[in-house]
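What follows is a short report on a single structure.
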Amino acid sequence: MSPKKTINSQKSPKGSPKAWPKSPLRKATRTSPRKVTKVTTSVTPKAIIKKTSRKNEILKLDKIPPKGYIKQNTKTSDALLTLKEDDESSEQDVVEKDPPSKAVSASIFDPVAKKKKEVRLFGQVLEPQQFKLGQIISVASHEEVYQDPKNRIKLEATQEQTLTALGWVYSKNRKIVVISRFAQHLVGLPIFSHGGKGLKKKEKSEFVGIRDSQYFRGTHTDSTYPNLTSHRIFPFAPANKTHWAVINGDSYVHFTRPLSFAYNTRCTIEGRLKDEDILRLINLTNSRRPTNPADPAARAAPR
1 MSPKKTINSQ
11 KSPKGSPKAW
21 PKSPLRKATR
31 TSPRKVTKVT
41 TSVTPKAIIK
51 KTSRKNEILK
61 LDKIPPKGYI
71 KQNTKTSDAL
81 LTLKEDDESS
91 EQDVVEKDPP
101 SKAVSASIFD
111 PVAKKKKEVR
121 LFGQVLEPQQ
131 FKLGQIISVA
141 SHEEVYQDPK
151 NRIKLEATQE
161 QTLTALGWVY
171 SKNRKIVVIS
181 RFAQHLVGLP
191 IFSHGGKGLK
201 KKEKSEFVGI
211 RDSQYFRGTH
221 TDSTYPNLTS
231 HRIFPFAPAN
241 KTHWAVINGD
251 SYVHFTRPLS
261 FAYNTRCTIE
271 GRLKDEDILR
281 LINLTNSRRP
291 TNPADPAARA
301 APR
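Under my numbering, the sequence shown has 33 at position 33, and the numbering climbs by one with no breaks.
Given below as structure tokens:
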């Protein structure tokens, strides 16, 4: 009798793995059906849709019109930062969107001045009864910057010069001598040193010299009148010769140019004149005051 054929010799089913052709590709992908379903992309379709919606959101924010750009640009930056926390793949978008917003904000917040400087409030508001005749006080003075029409130079923003909507303004802490008080304001005479040049190119008959009693008493004057003597008070009495409260040897009171200040103006009381000096200064001011009978056309024209 011929031997019986074993079961292994039977033909394998058509769909079984033994029926697959022997090739490197088939051999590499040969796995169980459960493992085949796991071989997919690293990003699920749900995640892809979510990322696509975020990109559309960024594109919508980029199309915002320029009006109110700063406020809306902040929202764009916040959205980009949120994407950066959720997905590191959005870092490139954040880097590309930030530089334009920084450039725009810099041009808006600092359009004129090249150097950013802190605003310093000078002095304090005093009560009206604290002001006396003959006091020397410092106040913030603001005047228009004069420009010669024949030789106009280009002005730049500095600590003293500022560009406003009405033109350039020169600001300085100006010393004045109080000569009169009223209900809501006081009147004083300004002190000038003209940059250390004294009374060169000035009308000498309209100025009277003023000197510090400790350091510059008895110095020369270019005026036609004797000098006034200033006496510093506490806390400026013990001061060095170069201290800003010390009135130097080139200072003069312009007694034909009175200034007025409201009592709520910030100021600092630095010194005073003695009674005889304040009386002499008031008399000089009154001597140049126009009288009612005087005809304006008969007055001498200024030089």
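Every residue, glycine too, gets a C-beta built ideally from N, C-alpha and C. As the structure is a prediction and not an experimental result, all values here were calculated from the model.
Legend entry - Straight-line gap, Thr221 to Leu273 (C-alpha atoms, nearest Å): 18 angstroms
Legend entry - Buried/exposed call for Glu270, threshold 16 Cβ in 10 Å: buried
Inset, instruction - Kindly indicate which three-state DSSP category His194 falls into: helix, strand or coil? - result: helix
Inset, instruction - Report yes if the CB atom of Phe207 is closer than 9 angstroms to the CB atom of Val253, and no otherwise. - result: yes
Legend entry - Rounded distance between the beta-carbons of Gly188 and Ile278, thought under 8 angstroms: Not quite, the Cβ-Cβ distance comes to about 12 angstroms (not below 8 angstroms), so this is no contact.
Inset, instruction - Report the residue from Asp212, Asn286, Thr219 and Ser260 whose alpha carbon sits nearest the alpha carbon of Val178. - result: Ser260
Inset, instruction - With DSSP collapsed to three states, give me the class of Asn173. - result: strand
Legend entry - Rounded separation between Pro235 and Cys267 - CA only: 15 angstroms
Legend entry - Where Ser337 falls, given that 16 or more other Cβ within 10 Å makes a residue buried: The displayed coordinates of the chain run from 1 to 303. Any statement about residue 337 would go beyond what the structure contains.
Legend entry - Asp275 burial status per 10 Å Cβ neighbour count (16 or more: buried): exposed
Inset, instruction - Using three-state DSSP, classify Thr285 as helix, strand or coil. - result: helix
Inset, instruction - Identify the continuous beta strand (DSSP E) that holds Gly340 and give its terminal residues. - result: Outside the displayed span of the chain (1 to 303) sits residue 340, for which this structure offers no information.
Legend entry - Residue burial classification, Thr229 (beta-carbon count within 10 angstroms, cutoff 16): buried
Inset, instruction - Could you tell me which of Gly249, Leu186, Lys154 and Gln184 sits nearest to Lys197, measuring between CA atoms? - result: Gly249
Legend entry - Identity of the residue in His185, Arg152 and Arg257 nearest Pro128 by Cα: His185
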